[in-house]
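In our numbering, the protein residues as written are 522 to 970. All residues carry an ideal CB built from backbone N, CA and C; glycine is no exception. The model shown is predicted, which means the values in this text are computed figures rather than measured ones. To start, the structure under review is shown below, and the notes come after it.
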Amino acid sequence: MEGRPTVLSQKPETSSRIALPWIVRMRYGIATGEIALTIFAKVFLGLDLPLLLMLIVPVLAIATNLWLGRTIQSSGGLPATPTAGLLGGVFYFDALCLTLLLMASGGPSNPFTVLYLVHITLAAAILSAKQTWLLGLFSVGCFGLLFPFNHPVPELGNHHTGNLHFVGMWLSFVAAVLLVATYASKISSLLRRHEAASLEMEMELAKKDRVASLVTLAAGAAHELSTPLSTIAVVAKELERTVASPSGMSLAASAAIGEDSRLIRQEVEYCRQILQRMSDEGAEARGEAFVHCPVQDLLSDLASAFPGQVIVPAKTGLLLTLRIPRKAVLQALVGLAKNGIESMTDRPGATVEVHAETGPERNVQFVIRDRGCGMSTDFLRRAGEPFLTTKPPGSGMGLGVFLARNLAERLGGALTYTSEMGRGTAARFELPSSYVVSVSTSDVPLVKK
Numbered sequence: 522m523e524g525r526p527t528v529l530s531q532k533p534e535t536s537s538r539i540a541l542p543w544i545v546r547m548r549y550g551i552a553t554g555e556i557a558l559t560i561f562a563k564v565f566l567g568l569d570l571p572l573l574l575m576l577i578v579p580v581l582a583i584a585t586n587l588w589l590g591r592t593i594q595s596s597g598g599l600p601a602t603p604t605a606g607l608l609g610g611v612f613y614f615d616a617l618c619l620t621l622l623l624m625a626s627g628g629p630s631n632p633f634t635v636l637y638l639v640h641i642t643l644a645a646a647i648l649s650a651k652q653t654w655l656l657g658l659f660s661v662g663c664f665g666l667l668f669p670f671n672h673p674v675p676e677l678g679n680h681h682t683g684n685l686h687f688v689g690m691w692l693s694f695v696a697a698v699l700l701v702a703t704y705a706s707k708i709s710s711l712l713r714r715h716e717a718a719s720l721e722m723e724m725e726l727a728k729k730d731r732v733a734s735l736v737t738l739a740a741g742a743a744h745e746l747s748t749p750l751s752t753i754a755v756v757a758k759e760l761e762r763t764v765a766s767p768s769g770m771s772l773a774a775s776a777a778i779g780e781d782s783r784l785i786r787q788e789v790e791y792c793r794q795i796l797q798r799m800s801d802e803g804a805e806a807r808g809e810a811f812v813h814c815p816v817q818d819l820l821s822d823l824a825s826a827f828p829g830q831v832i833v834p835a836k837t838g839l840l841l842t843l844r845i846p847r848k849a850v851l852q853a854l855v856g857l858a859k860n861g862i863e864s865m866t867d868r869p870g871a872t873v874e875v876h877a878e879t880g881p882e883r884n885v886q887f888v889i890r891d892r893g894c895g896m897s898t899d900f901l902r903r904a905g906e907p908f909l910t911t912k913p914p915g916s917g918m919g920l921g922v923f924l925a926r927n928l929a930e931r932l933g934g935a936l937t938y939t940s941e942m943g944r945g946t947a948a949r950f951e952l953p954s955s956y957v958v959s960v961s962t963s964d965v966p967l968v969k970k
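Right, dumping it as structure tokens:
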């Protein structure tokens, strides 16, 4: 499908977009932990630490987090900037902040040097391989700087006379495990769900594209076959006229040929009707301009399409004007009403009732209700699948409901059914309230569900 990127080609960018909100939460936790640990080591353990420097670093991390949070909120939950590069920059900044903290608290003798691996592990799960390797090399360089540039803390370097270093090693290992296990597993779970949803969407789009191809083929067949069928009909009529004129042919032969020519014309007309139905049912309006359309006018047009068979109540209670693709919506409603009429062929005089109402969120719903035989639970669950029909061969392609549902969903609405065996079916074609452009100042109250 041209123009539609695949999931794999977008993985680093998509991964970083999903992970960034969780990275922001993680950085708040790390910064808070750094401030608490620094104060604890200085006040309660009495370690010789440059307190001001060690508090400035996590404060800088919190400041960058506030900026990231505003970036996410201003773009509706996901940053608009290239997030793979943005997230990589965050990891570089955090590695540099960790280096400054370690330099001020013993350098390579500080057991929390293991925290360098946290950012590298997260980068491996989120960013591309190239970005991960570059971050790893940067972290190795930062670790190397700890040897010549550090503020000695004798208590941390004295491995053999006390247990403080070993306790620190254990605490740093626990912190690294918790960070990696919690956030990496969460991000991986989010990515799996996103990829599953993307794959499902790709499959749905592929199915719709295949159906669209079949619809185009059906419309093309109807167009191409109309000319030769018309020619056959003309020739059959000429043959019928020739047989009807005196030509020395026996009456029996003339009658037989005349009967055959009439049969040819009947079958040609039947084929043309089938092709017309295929063309009408498969023609899904695309690119139609949105126009202002009163709901009452739309209902009147629908009733006019089926005189005496579709009834619109005198007061539907919904005097709204919508801005919609009128032809497409009317075609969808006509198809739904036609299905209702055809479901009542065994009930002469029965009519389909059509009205409009507002839903719980002020959405507009067109309700088409018939008194036919109804639908079974299994068929109701599958309603809207392409080529699903109960009509006899030649009476329909089973695309009307599918195309109506596709149009409703493309407009942000939905098509739903309720049915009861032996009592009829109600189809609800729903459009969001955003399509309402005006409300009539009428004393007639709105009909609500």
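Would you list the residues sitting across from residue i in a DSSP beta bridge?
| i | result |
| --- | --- |
| residue 935 | 951 |
| residue 945 | 941 |
| residue 814 | 843 |
| residue 886 | 878 and 951 |
| residue 695 | Answer by DSSP bridge pairing: none, since residue 695 is not bridged. |
| residue 959 | 842 |
| residue 873 | 831 |
Could you compute how far the alpha carbon of residue i sits from the alpha carbon of residue j?
| i | j | result |
| --- | --- | --- |
| residue 971 | residue 710 | Only positions 522 to 970 of the chain appear in this structure, which leaves residue 971 out of reach. |
| residue 638 | residue 627 | 19 Å |
| residue 714 | residue 720 | 10 Å |
| residue 930 | residue 898 | 22 Å |
| residue 552 | residue 583 | 7 Å |
| residue 640 | residue 566 | 28 Å |
| residue 967 | residue 882 | Residue confidence for residue 967 is low, a pLDDT of 40 falling below 50, so the modelled location carries little weight; the figure read from the coordinates is stated next. Going from the Cα of residue 967 to the Cα of residue 882 covers about 13 Å. |
| residue 849 | residue 545 | 46 Å |
| residue 891 | residue 539 | 47 Å |
| residue 878 | residue 724 | 34 Å |
| residue 856 | residue 889 | 10 Å |
| residue 569 | residue 675 | 9 Å |
| residue 862 | residue 607 | 59 Å |
| residue 870 | residue 756 | 40 Å |
| residue 886 | residue 935 | 9 Å |
| residue 624 | residue 716 | 41 Å |
| residue 873 | residue 902 | 22 Å |
| residue 548 | residue 541 | 10 Å |
| residue 619 | residue 663 | 9 Å |
| residue 574 | residue 559 | 10 Å |
| residue 944 | residue 722 | 36 Å |
| residue 581 | residue 588 | 11 Å |
| residue 915 | residue 831 | Here the model assigns residue 915 a pLDDT of 49, short of 50, so the residue's position is not dependable, and the following value carries that caveat. Approximately 24 Å between the Cα atoms of the pair. |
| residue 585 | residue 610 | 11 Å |
| residue 530 | residue 928 | Residue placement at residue 530 cannot be trusted, given a pLDDT of 37 that sits under 50; what the coordinates show is reported in the next sentence. Those two C-alpha atoms are separated by around 30 Å. |
Using a Cβ-Cβ cutoff of less than 6 Å, which residues in the same chain neighbour residue i once the five nearest sequence positions on both sides are dropped?
| i | result |
| --- | --- |
| residue 933 | 953 |
| residue 776 | none |
| residue 629 | 667 and 668 |
| residue 956 | 843, 844 and 845 |
| residue 671 | 624 and 628 |
| residue 754 | 786 and 789 |
Can you look up residue i in the DSSP assignment and give me helix, strand or coil?
| i | result |
| --- | --- |
| residue 545 | helix |
| residue 833 | coil |
| residue 717 | helix |
| residue 561 | helix |
| residue 894 | coil |
| residue 538 | helix |
| residue 673 | coil |
| residue 752 | helix |
| residue 923 | helix |
| residue 579 | helix |
| residue 904 | coil |
| residue 568 | coil |
Residues in the same chain with beta-carbon distance under 7 Å from residue i, minus the five sequence neighbours each way, listed in chain order, please.
| i | result |
| --- | --- |
| residue 601 | Bear in mind that the predicted position of residue 601 carries a pLDDT of just 48, short of 50, making it too unreliable to give a figure here. |
| residue 958 | 813, 842, 843 and 844 |
| residue 811 | 844, 845 and 846 |
| residue 751 | none |
| residue 579 | 552, 555 and 556 |
| residue 865 | 871, 891, 892 and 893 |
| residue 682 | Note that residue 682 scores 43 on pLDDT, short of 50, meaning its location in the model is unreliable and no value can be drawn from it. |
In its own chain, which residues sit with a C-beta less than 8 Å from the C-beta of residue i, not counting the 5 before and 5 after it?
| i | result |
| --- | --- |
| residue 613 | 656 and 659 |
| residue 904 | 896, 922 and 938 |
| residue 834 | 874 and 876 |
| residue 634 | 623, 664, 667 and 693 |
Unbroken stretches of the alpha helix (DSSP H), 4 residues or longer, contained in the stretch 616-665: With a minimum length of 4 residues, the continuous alpha helix (DSSP H) runs that stay inside the stretch 616-665 are 637-647.
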